[in-house]
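Asker: Dropping the structure in here first, questions after.
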Amino acid sequence: MQQGTLMRKVKSKSWKKQRYFKLQDDCMTIWYQSKRTGKIESAFSISDVETVREGHQSEVLQSLAEEFPPERCFTIVFYGRRGNLDLIAGSAEEAQCWVQGLRQLIEPRSFPLTSALVSRTWIRDWFQKADKNKDGRMNFKEVQRLLKMMNVDMNEDHALRLFQAADKSESGTLEGEEFVLFYKALTQREEVQSLFQDFSEDGKKLTLLELVDFLRQEQLEDEGTEELAMELIDKYEPSETARARHVLSADGFLMYLCSPEGSIFNPRHRALWQDMSQPLCHYFISSSHNTYLIEDQIRGQSSIEGYIRALKRGCRCLEVDCWDGPNGEPMVYHGHTFTSKIPFREVVSTLGKTSWGSNSSPPPLMGASPPSSHPQRVFLPIPSQVLKGACGVGPQQCRVPRSSKSQVPCPSPTPQELKHKILLKGKKIGRLEDTLDGPGDEVPDVSDDDNGAEAEEERRRVKGSHQEGTQHSPALQKDKESLAQALSDCVVYCKSVSFRGFQEARSHSRPSEISSLAEAKARKLIRDAGNKFVRHNAWQLTRIYPSGMRTDSSNYGPQEMWNVGCQIVALNFQTAGTEMDLCDGLFSQNGRCGYVLKPPFMRDEETVFNPSDPGSREGPGPITLTIQVISGQQLPKVANSKDGDVIDPLVRVEIHGVPADQARQETKYIENNGFNPRWDETLQFQLHVPELALVRFVVEDYDKTSRNDFVGQFTLAFANIKPGYRHIHLLSKDGTSIPPSSLFVHIHITE
């Protein structure tokens with residue numbers, strides 16, 4: 008990576024300042040200084056960087072798209088709520104140098120290593136934090152400060168013994184390799200060493216056969232185990248001599264346990280592993296509510312950053328509320344509120360640039376409410392202009408049987424068939440069959456009996472449109488009707504209809520239609536007719552959205568909606584909490600494509616399954632999940648804690664699923680040790696419907712006088728759990744990784 012590079016730091020279309028950016032010699036810190044004054048303005052650590060985006064992937068850089076090419080632009084995204092850093096390099100080569108360099112620096116943190124294998128970059132980071140006088144040495148007083156920073160309340164005599172053992176020069180200070188020795192001694196993993204020695208005959212290495220025994224007996228790897236053992240040795244053994252002898256040292260063993268292969272999350276399920284050739288209604292689909300909002304629902308900011316973040320997070324169903332704007336330009340904002348506005352054109356442009364992460368990505372669904380009058384003239388061409396044919400599926404592409412309309416035609420398309428397409432959800436004039444065979448005469452029904460905010464908003468929109476229509480000439484009215492028909496033709500598979508009961512839907516609706524229900528109405532249907540709801544969702548899409556009373560952008564619990572097979576469970580992605588943890592946990596599998604195949608018993612239109620009666624599930628009986636919580640490593644401090652504070656961590660395991668499976672258990676708390684706490688406690692759960700269960704691991708700082716403080720969490724679907732000795736790499740409250748914080752557990756599953 009080049010150092011001292013002159014780039015433009017951009018905050019807005021008009022605020023573009025030239026700054027020198029430089030990576031310091033420690034390869035951990037980047038500072039930038041003013042070109043004019045030479046004053047260092049700010050600095051940040053590589054450990055603060057979550058990711059790097061190339062091109063115009065921020066609201067600010069998109070506004071400068073005509074002025075600066077995407078090859079020169081990139082965005083540094085930080086963990087937490089710190090704002091993005093938008094930069095414009097002097098050339099495409101300089102931009103690539105920084106993008107690739109930053110990515111290489113942050114890449115190893117995905118599965119950081121502790122003990123003897125901890126990265127030297129991470130050691131240098133801790134050394135600099137503790138070296139108060141910046142003299143390149145660390146005395147014992149600074150070591151004590153370091154231990155507090157690391158969340159360790161260690162006995163002073165023990166800390167002094169570690170310090171003196173590492174001080175080979177007997178100078179009373181640690182520097183260079185001496186500090187590395189101190190750090191290695193501090194991070195020694197006794198529980199891992201004990202496990203290693205259980206399978207090692209000489210206590211120094213695992214032979215190929217000994218490693219195979221461990222993989223089969225403890226990790227339950229039963230296919231191609233010898234080949235897997237060879238791969239692990241080649242990949243994680245640091246010694247060339249040991250690799251040549253096909254043995255794994257204690258360091259290599261720890262490296263494997265801390266790797267993706269040693270994670271609790273089945274690495275095979277990280278990739279696209281599910282069947283993508285089934286109808287859309289057979290999948291849970293990651294969905295956001297009012298995607299454009301990044302704050303509250305009344306006065307919050309509307310931003311394309313909301314769409315970028317949601318798409319990067321795997322969201323595939325986005326909401327776009329379009330309203331009349333100045334000069335005939337449709338605007339996106341929360342109608343009848345004081346939220347800010349963004350041009351519809353910018354939203355569509357963002358979708359075109361960020362909707363597909365790979366060739367295998369399924370289609371996004373875009374719920375677009377069109378403007379009410381003349382701006383439809385502008386609205387209609389925008390998607391086709393910007394998305395170049397990706398928006399919508401034309402009627403001629405719809406595979407609809409030409410059989411009797413008394414049957415239930417129009418099978419929903421599959422994600423595989425609709426790759427690189429965007430489906431529009433909205434009102435439609437006529438049925439899908441009429442679109443194919445000729446114009447229809449059905450009037451869009453805007454009534455709804457759920458009294459939800461969206462239904463009322465739609466009533467106002469349509470009422471306003473009808474009022475305007477009465478004031479214009481017949482010619483103009485005919486022109487507007489033509490525009491409405493053209494817009495209607497863009498809606499093929501996701502025609503919005505009112506929900507009037509399961510029997511009514513079965514008799515008169517089509518698989519190409521979709522109903523939206525407020526959370527309260529959905530809960531009532533779950534209570535009163537759980538099985539009917541599951542059957543309905545086996546052949547038609549249902550969207551659930553938050554109550555209009557959630558003006559603070561809070562979220563409802565999505566699990567009960569998934570329990571009856573609701574596909575599009577829309578959440579406020581901008582609000583962190585348990586609800587978004589569950590959403591991220593469910594959709595972290597299958598290549599993070601935003602589509603998860605529902606269990607077989609939820610795809611059968613004649614199913615007898617009812618989530619309130621787990622015995623109605625066809626298949627094997629309950630299973631037992633046993634979790635031994637062994638230890639934790641380098642847990643973070645609580646946000647806004649005082650210097651010197653050390654946490655008292657406990658671990659809580661939560662099961663989210665059908666009502667009979669809902670449960671939580673927790674360990675005792677460990678006093679004053681967030682660095683390497685040991686629990687060695689066993690928690691056990693019985694799961695009646697494991698196919699729907701999500702398992703959430705939460706670490707909290709115990710407080711006997713007030714509510715415990717959040718430390719970290721990790722959530723995943725039960726189906727993605729790998730048994731055996733596993734590491735759980737913790738995430739922050741907003742779902743970002745917090746390396747190198749982790750839990751070490753043993754998982755056992757029995758039927």
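Just so you know, we're using our numbering here: the sequence shown kicks off at 8 and counts up by one.
Virtual Cβ for every residue (Gly too), placed ideally from N, Cα, C.
1. Quickly, what does DSSP pair N715 with across the bridge? List them, please.
2. Please report the residue range of the alpha helix (DSSP H) in which I735 lies.
3. Any contact of the stretch 641–656 with the stretch 320–331, i.e. 3+ C-beta pairs under 8 Å?
4. Just reading off the alpha helix (DSSP H) that I240 is part of, what are its end residues?
5. For D164, does the count of other Cβ atoms within 10 angstroms reach 16, so buried, or fall short, so exposed?
6. Counting beta carbon pairs with one atom in the stretch 279–299 and one in the stretch 417–432, are three or more of them shorter than 8 Å?
7. I'd like the span of the alpha helix (DSSP H) that includes D205, first residue to last.
8. Is the Cβ of F75 closer than 8 Å to any Cβ of chain C?
9. Use the C-beta contact count for L13: other C-beta atoms within 10 angstroms, 16 or more gives buried, fewer gives exposed.
10. Nearest-angstrom Cα distance between A670 and S294?
11. If you follow the beta strand (DSSP E) that Q635 is part of, which residue opens it and which one closes it?
12. Select from F751, T757, H755 the residue whose C-alpha is nearest the C-alpha of Q200.
13. For the beta strand (DSSP E) that contains Q69, what are its first and last residues?
14. Would the stretch 229–244 count as touching the stretch 169–185 if we require 3 or more Cβ pairs under 8 Å?
15. Please go through the same chain and pick out, in chain order, the residues whose beta-carbon is closer than 6 Å to the beta-carbon of R306, but skip the five residues on each side of it.
16. Let me confirm a value: A123 is counted as buried when at least 16 other C-beta atoms fall within 10 Å, else exposed. Which label applies?
17. Count Cβ pairs between the stretch 205–221 and the stretch 733–752 that sit closer than 8 Å; are there 3 or more?
18. Could you tell me the alpha carbon to alpha carbon distance between E312 and Q574, rounded to whole angstroms?
19. Mind checking N334: buried by the 16 CB within 10 Å criterion, or exposed?
20. Identify, in the order they occur along the chain, each residue of the same chain with its Cβ nearer than 7 Å to the Cβ of V665, setting aside the five sequence neighbours on each side.
21. What first and last residue would you give for the alpha helix (DSSP H) that runs through D535?
22. Can you list the beta strand (DSSP E) stretches of 3 or more residues lying completely in the stretch 645–676, in chain order?
23. CA-CA distance, S309 and G555?
24. According to the neighbour-count rule (16 or more other Cβ atoms, all chains shown, within 10 Å of its Cβ), is R599 buried or exposed?
25. Using a Cβ-Cβ cut-off of 8 Å (strictly less than) and excluding sequence neighbours within five positions of E185, which residues of its own chain qualify?
26. If you compare alpha carbons, which of F51, G433, V702 is closest to D328?
27. Looking at the secondary structure, which residues open and close the alpha helix (DSSP H) in which E567 lies?
28. I'd like the list of long-range same chain contacts for R530, defined as Cβ closer than 8 Å, with 5 residues on each side in sequence excluded.
29. My understanding is that V636 touches L701, with C-beta atoms under 8 Å, so please give their C-beta distance in whole angstroms.
30. With DSSP collapsed to three states, give me the class of N458.
31. Beta strand (DSSP E) containing I575: first to last residue?
32. Taking Q224 as part of the beta strand (DSSP E), name the residues at either end of that continuous run.
33. Taking the beta strand (DSSP E) that L13 falls in, what are its first and last residues?
34. Please return the same chain residues whose Cβ sits closer than 7 Å to the Cβ of Q403, not counting the five positions on each side in sequence.
35. Determine, using beta carbons only, whether G601 and I301 come nearer to each other than 8 Å.
36. DSSP has P350 in a bridge; who is on the other side?
Answerer: Let me spell this out:
1. As a first step, residue 715 is located in the sequence shown; it is residue number 708 there, counting from the start. According to DSSP, which records beta bridges pairwise, N715 is partnered with nothing at all.
2. The sequence position of residue 735 within the sequence shown is 728, counting from 1. I735 -> not in any alpha helix (DSSP H); beta strand (DSSP E) instead, spanning 731–738.
3. no
4. Mapped onto the sequence shown, residue 240 falls at position 233. From DSSP, the alpha helix (DSSP H) with I240 extends over 232–243.
5. The sequence position of residue 164 within the sequence shown is 157, counting from 1. Exposed, because fewer than 16 other Cβ atoms sit within 10 Å of the Cβ of D164.
6. yes
7. As a working mapping, residue 205 is identified with position 198 in the sequence shown. Here the alpha helix (DSSP H) through D205 covers 197–206.
8. You won't find chain C in this structure, because it holds only one protein chain.
9. One-based indexing of the sequence shown puts residue 13 at position 6. The residue is exposed, with fewer than 16 neighbouring Cβ atoms inside 10 Å.
10. Within the sequence shown, residue 670 is the residue found at index 663, counting from 1. Within the sequence shown, residue 294 is the residue found at index 287, counting from 1. Taking the straight line from one Cα to the other gives about 26 Å.
11. Reading the sequence shown from its first residue, position 628 is the one you call residue 635. Residues 630–640.
12. For this step, residue 200 is matched to residue 193 along the sequence shown. Nearest of F751, T757, H755 to Q200, Cα basis: F751.
13. Residue 69 sits at position 62 when you count from the first residue of the sequence shown. Counting along the chain, Q69 falls outside any beta strand (DSSP E), though it belongs to the alpha helix (DSSP H) covering 66–70.
14. no
15. Sequence index remark: in the sequence shown, residue 306 carries index 299 (1-based). If we look at R306 and ignore the five residues flanking it on each side, its Cβ neighbours are F345.
16. For the purposes of this step, residue 123 is taken as the residue at position 116 of the sequence shown. Since pLDDT at A123 reaches only 37, below the 50 mark, its modelled position is unreliable, and no value is offered.
17. no
18. Taking the first residue of the sequence shown as position 1, residue 312 is located at position 305. Taking the first residue of the sequence shown as position 1, residue 574 is located at position 567. Going from the Cα of E312 to the Cα of Q574 covers about 25 Å.
19. Here the question's residue 334 lines up with position 327 in the sequence shown. N334 should be labelled exposed.
20. The residue labelled residue 665 in the question sits at position 658 within the sequence shown. So the list reads N570, P618, P621, H695, V696, L699, once near-sequence residues are dropped.
21. Here residue 535 refers to the residue found at position 528 when the sequence shown is read from its first residue. Where D535 is concerned, the enclosing alpha helix (DSSP H) stretches over 526–544.
22. 656–663, 670–673
23. Within the sequence shown, numbered from 1, the residue matching residue 309 stands at position 302. Within the sequence shown, numbered from 1, the residue matching residue 555 stands at position 548. Going by the C-alpha atoms only, they are around 17 Å apart.
24. Here the question's residue 599 lines up with position 592 in the sequence shown. R599 should be labelled buried.
25. For the purposes of this step, residue 185 is taken as the residue at position 178 of the sequence shown. Around E185: A173, D174, K175, S176.
26. As a working mapping, residue 328 is identified with position 321 in the sequence shown. Residue G433 is the option with its Cα nearest to D328.
27. Within the sequence shown, numbered from 1, the residue matching residue 567 stands at position 560. Residues 566–569.
28. Counting from 1 along the sequence shown, the entry for residue 530 is found at position 523. Within the same chain, R530 has close Cβ partners E567.
29. For the purposes of this step, residue 636 is taken as residue 629 along the sequence shown, with counting starting at 1. For the purposes of this step, residue 701 is taken as residue 694 along the sequence shown, with counting starting at 1. With a Cβ gap of about 18 Å, V636 and L701 do not count as contacting.
30. Numbered from 1 along the sequence shown, position 451 holds the residue referred to as residue 458. Residue placement at N458 is flagged as unreliable, the pLDDT there being 41, under the threshold of 50; the coordinate-derived value follows with that caveat. Of the three classes helix, strand and coil, the one that applies to N458 here is coil, per DSSP.
31. Here the question's residue 575 lines up with position 568 in the sequence shown. From DSSP, the beta strand (DSSP E) with I575 extends over 575–578.
32. The sequence position of residue 224 within the sequence shown is 217, counting from 1. Per DSSP, Q224 belongs to no beta strand (DSSP E); it is in the alpha helix (DSSP H), 215–224.
33. Start at 1 with the first residue of the sequence shown, and residue 13 comes out as number 6. It spans 12–17 - the beta strand (DSSP E) in which L13 sits, taken as one unbroken run.
34. Taking the sequence shown and counting its residues from 1, the one referred to as residue 403 is at position 396. Confidence in Q403 is poor, its pLDDT being 39 and thus under 50, which makes the residue's placement unreliable; the coordinate value appears in the next sentence. Nothing listed; no residue qualifies.
35. As a working note, residue 601 is residue 594 in the sequence shown. As a working note, residue 301 is residue 294 in the sequence shown. No, the pair does not count as a contact, with Cβ atoms beyond the cut-off.
36. As a position in the sequence shown, residue 350 is number 343, starting the count at 1. According to DSSP, which records beta bridges pairwise, P350 is partnered with M338.
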